[in-house]
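Structure record follows, encoded as structure tokens.
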């Protein structure tokens, strides 16, 4: 469907796209190039923008992250592999769990009419779970997980991240299921299939793009999360954002290292986005979040 | 905030004849999620509510009951009220700007003919990145002496701006970074909504000779309304809780210029371990968000009735 | 040379005496190299002047700040300790700003299973109140003659910071106080001396002796090209002015000169933020004058942008853009680091004093006799300190680790390294400077650096950072109001009045009597 048939509108839209591209991409570009700068390229009289043209790129900051250096280990990245694995496990598991729970709840809310508490009330209650500020949750969680003896474990983070992402996923998928044709499921149930059968054989495959998007969001938001990871882990389950936040507080203006570390944390979500790009677009265009 | 919604889905409507599993399916699909959130949420909720009336300081093991002391202290602090005003202003402004820009970007993206999938992906990127890393990126960009933003301003003859050190400019800096990261959220949501709009309406209108502008005004925007309301609600809730960005970018400064409520609770209560106070700030936030949320609910209902 | 060879123990048998009289110099000389600290290779380390007991099968968990600074040395020396004792050492880290809440959560709930904390000296009161840490006194008594502990080698100023309420709960392995760093090559340059005389009609003080002189010098050099090898804009002075960047400590050297009464004319040494009855002194005329001059210096002689953080103070000096700074000792080691352009050009001195001070007891200004300068060096954070937790199953092993890491040969490596974050604290750190020469210092510079820091430690007027419950809350209030004054949101007097109000409400909330008792325990009076 083409909305913009008129020429002036097209020009406006093209202009918006270009401007927004510059605004979106420049900060990313800046992070990327700064991660390959020497100190003098950062602190010089004028900023430098283009590698090889106005500064000579170096792998020094990257080397400090990936290769253990002399002395006390200036990189401060600690055990990078372990940190990355922790982030990955927490994000993957919580993403899967959230999608598992969220899919069925979303399906329920889009297929059944609940009487006493209307579907919409349940949906609102779900989304209201996101309202409580994390800063007030961290201490109770700390006490709860200490009691359960799962502080500083990936399990603790998985539990929290699942809870954090669940409401959004249900909202996302609820609309997704709503837009899927009910007739197919009904037909299969008329043919003797149970509700579960209809769900697993008909609805779920159709909803796959939506599930991928939901998982992607859950994964990324868990990967990015900072405050819970900061307060609920010590060392064993520590994640990457916590580590870089600790480093940079000390190094102050060592932008070349900051950029390199930021880049390392940014890359995995981007890879996930690229790999699942096809699904994102399909997924997002099929379902739209509506009240 | 946990509403009074218990797991009451047990009352199943007398439907589903012929499918004996239909009745149980209603539970089986919904209960795990509700139960999960209740179980994970109930203890923090009650505990933090208890803390609102308690004093739990560094160096003390026990929580002592102090009644309304925390609330009184909170209300007496100008710093709290300033933070409150700041946060509401911030949420209103960034949500409005993000909505405007996001809708514009979505409309533009939809009109793009070529390589639209890649464009969409590229435009999604900021919201997928870790806020901590994004904050560092913006700190580099806003650097007074060596940042590219001041450099570009200098090229067009504008004096360098003390981005992170000025009372107003620091708030603006935080807003710019927030808008950069979260406009894509609105844009994608609106885009998805746009694509789910019924094409027949447009075809009919075009046959009737409607102009592009009137298509936008009379068909697209009204139909988008329910989607936009939902997106704004989601975005406003998250904007209200802004934390990571302030943590890295300004530390709440200069002075208290960027002390948003979440960060205020953190810096005044959490960091020096004054947990009763932290809980009080948090509950103030919850109450405030609930009020905003219920206003949204009213708006939803009205739209629903009009439809 | 093969890296391992450097670590081979020299065939020396050291007694405690030889250690104190310079014996470790020989050891350190052959061992203290940065390369040698490469963690993979550090199986052997410098020889210890004694034996440690075996603790096979014991695991020690140490909680400290995210590295490389502070935690790095602990990790680097762990393999040697593990080899000597059979114990295993785990280092658990958290970012600086989160250390306190985290340590409190841990102390309250007993989670984390830590044996040892390596955290701020100023948090002792909160730990003691929770019965979370145990005193060291029995260990010290038992090891008084032990050459590894070398108790006599620890200055009284450090011991004062270790003890609280008559017992030793903390064990400092780093000495955190503020001193002055300045470009001695510039201040001793005859051309600049002449230019200064021409412009101001006074001699260029080298280095400034009073804050008034300091401000004048900083203003004079701001915007001038006093180091042609550095192309950027240059200015006279740098400090930290960003919230959450440890900024409140940077006003201590300014306020203390005017607000602190000489120790022999006051009830106790180091009465600064509060009088002994916990009445705030931050809004007295003396304190406010210090803040006013601080704000003035930032306005007229500081890097523009008002966005400096703690790390800038170091990097602006070592990159040649700032002429002078008051800071913890880190600028010294950083000045010989790889990013430095000021190697051998930095002078070290005690922070400038004042010719008059405000006596809060009488409410009057006291002028010093002609030619005398009132000096009040300030400790900030006091130093990274070891604590043993009450929940530790192996306090003896924990004590052995602390003794090991604090021993003269091991600590000598750390305090000389640019990457450790530790400042000299043992008397012997000033005697054997070979470790310093190894990492690029001239012996003269190293001596002056170490001596300055030890002089501050042992100064009779020195102010120690208050170790009272809720210290973090007072600091937060001070930083907020200080930076309001710096940002010119409020006048210094107004800001400090507000600060005093906040101080009082915190004191009342925490219980004034408790706070007074704790403060007296800190001051060492009753």
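Residue numbers (this note's numbering), protein chains in the order written: chain A, 5 to 295; chain B, 21 to 327; chain C, 111 to 636.
Positions of the beta carbon are idealized from the N, C-alpha and C atoms, including for glycine.
Does any CB atom of chain F fall closer than 7 Å to the CB of residue i?
i	result
residue 229 of chain A	No chain F appears in the structure shown, which is made up of the protein chains A, B and C.
Classify residue i as helix, strand or coil using the three-state DSSP reduction.
i	result
residue 489 of chain C	strand
residue 325 of chain B	helix
residue 416 of chain C	coil
residue 432 of chain C	strand
residue 469 of chain C	strand
residue 339 of chain C	coil
residue 233 of chain B	helix
residue 297 of chain B	helix
residue 199 of chain C	strand
residue 560 of chain C	helix
residue 496 of chain C	strand
residue 393 of chain C	coil
residue 453 of chain C	coil
residue 501 of chain C	coil
residue 287 of chain C	strand
residue 474 of chain C	strand
Short of 7 Å in beta carbon distance, which residues of its chain neighbour residue i, apart from the five on each side in sequence? Order them along the chain.
i	result
residue 74 of chain A	Residue confidence for residue 74 of chain A is low, a pLDDT of 48 falling below 50, so the modelled location carries little weight and cannot support an answer.
residue 80 of chain B	none
residue 178 of chain C	529
residue 458 of chain C	289, 291, 442, 558, 559 and 562
residue 77 of chain B	293 and 294
Answer with buried or exposed for residue i, where buried requires no fewer than 16 other C-beta atoms within 10 angstroms of its C-beta.
i	result
residue 150 of chain A	buried
residue 241 of chain B	exposed
residue 470 of chain C	buried
residue 109 of chain B	exposed
residue 196 of chain A	exposed
residue 274 of chain B	buried
residue 166 of chain A	buried
residue 329 of chain C	buried
residue 241 of chain C	exposed
residue 57 of chain A	exposed
residue 60 of chain A	exposed
residue 514 of chain C	buried
residue 401 of chain C	buried
In chain A, what lies closer than 7 Å to residue i by C-beta?
i	result
residue 42 of chain B	199
residue 90 of chain B	The premise fails here: residue 90 of chain B is roughly 12 Å from chain A at the closest Cβ pair, so nothing lies under 7 Å.
residue 176 of chain B	In chain order: nothing, as chain A lies at least about 15 Å away.
residue 161 of chain B	31 and 34
Under 9 Å between beta-carbons, which chain A residues line up against residue i? List them in chain order, please.
i	result
residue 183 of chain B	Those within 9 Å of residue 183 of chain B in chain A number zero; the least Cβ separation is about 14 Å.
residue 243 of chain B	Result: empty, since nearest Cβ-Cβ is about 11 Å, beyond 9 Å.
Which same chain residues, not among the five before or five after residue i, have their C-beta less than 6 Å away from its C-beta?
i	result
residue 605 of chain C	591, 594 and 595
residue 48 of chain A	none
residue 168 of chain C	197, 504 and 507
residue 91 of chain A	227, 243 and 244
Give the residues of chain C in contact with residue i, contact being defined as C-beta atoms less than 9 Å apart.
i	result
residue 155 of chain A	219, 221 and 222
Please list, in chain order, the chain C residues whose beta carbon lies closer than 7 Å to that of residue i.
i	result
residue 219 of chain B	The premise fails here: residue 219 of chain B is roughly 52 Å from chain C at the closest Cβ pair, so nothing lies under 7 Å.
residue 287 of chain B	586
Starting from the beta carbon of residue i, find every residue of chain C whose beta carbon is closer than 8 Å, and list them in chain order.
i	result
residue 110 of chain B	Correct list: empty, because the minimum Cβ distance to chain C is about 17 Å.
residue 271 of chain B	352, 353, 354 and 355
Could you name the residues of chain B that residue i contacts, counting a contact when the two beta carbons are closer than 9 Å?
i	result
residue 239 of chain C	78, 79, 80 and 81
residue 222 of chain A	Simply none; closest approach about 12 Å.
Taking Cβ-Cβ distances shorter than 7 Å, what residues in chain B pair up with residue i?
i	result
residue 493 of chain C	Ordered by position in chain B, no residue passes the 7 Å Cβ test against residue 493 of chain C, which lies about 20 Å from the chain.
Cβ closer than 8 Å: which chain A residues qualify as neighbours of residue i?
i	result
residue 61 of chain B	133, 136 and 167
### Message
Quick check for students: name the residue ranges of the alpha helix (DSSP H) that lie wholly in the stretch 174 to 232 of chain A, counting only runs of 4 or more.
### Response
186 to 194, 199 to 202 and 208 to 228
### Completely contained alpha helix (DSSP H) runs for the stretch 296 to 373 of chain C, where each covers 4 or more residues
300 to 310, 321 to 331 and 362 to 369
### In chain order, each beta strand (DSSP E) run of at least 3 residues that lies wholly inside the stretch 45 to 94 of chain B
none
### Inside the stretch 199 to 256 of chain C only - beta strand (DSSP E) runs reaching at least 3 residues
226 to 230
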